[in-house]
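**Q** Read in order, the letters of the sequence shown correspond to residues 75 to 221 in my numbering.
Where a beta carbon is used, it is the ideal one built from N, C-alpha and C, also for glycine.
Note that this is a predicted model, so its numbers are computed, not measured.
Got a structure for you, written out below as structure tokens; questions coming shortly.
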Amino acid sequence: MGAVTSPSPLRPGAPTHIRLTVTDVPRAQAFWTDVCGFETAVGGPPEDDDGTVAEALQGGVVMAGRGVRIGLRPVDAERAGDRFDPFRVGLDHLSLAVDTHAELEQAAAFFDEVGVPHGPVRTAMGASHLAFFDPDGIAIELTGPSS
75 MGAVTSPSPL RPGAPTHIRL TVTDVPRAQA FWTDVCGFET AVGGPPEDDD GTVAEALQGG
135 VVMAGRGVRI GLRPVDAERA GDRFDPFRVG LDHLSLAVDT HAELEQAAAF FDEVGVPHGP
195 VRTAMGASHL AFFDPDGIAI ELTGPSS
């Protein structure tokens with residue numbers, strides 16, 4: 075990319091969706107439903123699909139929760155043994171908002187109960203955060219008020 079000499083015309087807002095590549099779509103779908111409280115918005119192409127939806131889903135599903143959609147697609151066979159690594163170029167972590175600090179504490183207790191790996195609730199930069207991991211090791215964070 076060359077030097078930018080004029081102001082950008084872009085004014086993007088909040089993300090509309092995020093797509094994650096996972097090693098096991100049904101396992102990831104269960105995680106997002108059972109642990110994160112999302113619902114399956116699109117579980118597969120409709121019977122009358124002309125191929126457009128199937129192509130967009132790429133063998134996956136779309137989950138929805140609190141205004142965000144998360145697409146889950148299968149990894150290709152060549153990379154089936156791969157694991158998420160926040161130190162490679164690409165996604166470091168995904169952060170989802172919660173309304174209260176108490177929700178972070180409740181989430182940590184729930185994660186302990188169901189065996190989801192997570193860190194402690196930490197407060198930094200005016201907010202509190204709780205990091206946890208999906209079955210593929212993808213780093214997810216809940217972010218809420220510091221008190």
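With DSSP run on the structure shown, which of helix, strand or coil describes E129?
**A** helix
**Q** Residues in its own chain within less than 6 angstroms of R196 by CB, not counting five upstream and five downstream?
**A** H203
**Q** Consult DSSP for R157 and reduce its assignment to one of helix, strand or coil.
**A** coil
**Q** Helix or strand or just coil, what does DSSP make of R147?
**A** strand
**Q** Rounded to whole angstroms, what is the Cα-Cα separation between T97 and T79?
**A** 43 angstroms
**Q** For F158 and D210, what's the separation of their Cα atoms in angstroms?
**A** 6 angstroms
**Q** Mapping the DSSP letters down to three states, classify E177 as helix, strand or coil.
**A** helix
**Q** Run the CB neighbour count on T90, radius 10 Å, all protein chains shown included, and call it buried at 16 or more, exposed below.
**A** Per the 10 Å Cβ criterion, exposed.
**Q** Of the residues G145, M137, G133, G164, which one's Cα is nearest the Cα of A151?
**A** G133
**Q** Is DSSP giving R93 helix, strand or coil here?
**A** Three-state result, R93: strand.
**Q** Restricting to runs no shorter than 3 residues, where is the beta strand (DSSP E) found entirely within the segment 177-207?
**A** Segments of the beta strand (DSSP E) lying fully in the segment 177-207: 192-198, 201-207.
**Q** Can you tell me whether V163 is buried or exposed? The criterion is at least 16 other CB atoms within 10 Å of its CB, across all chains shown.
**A** exposed
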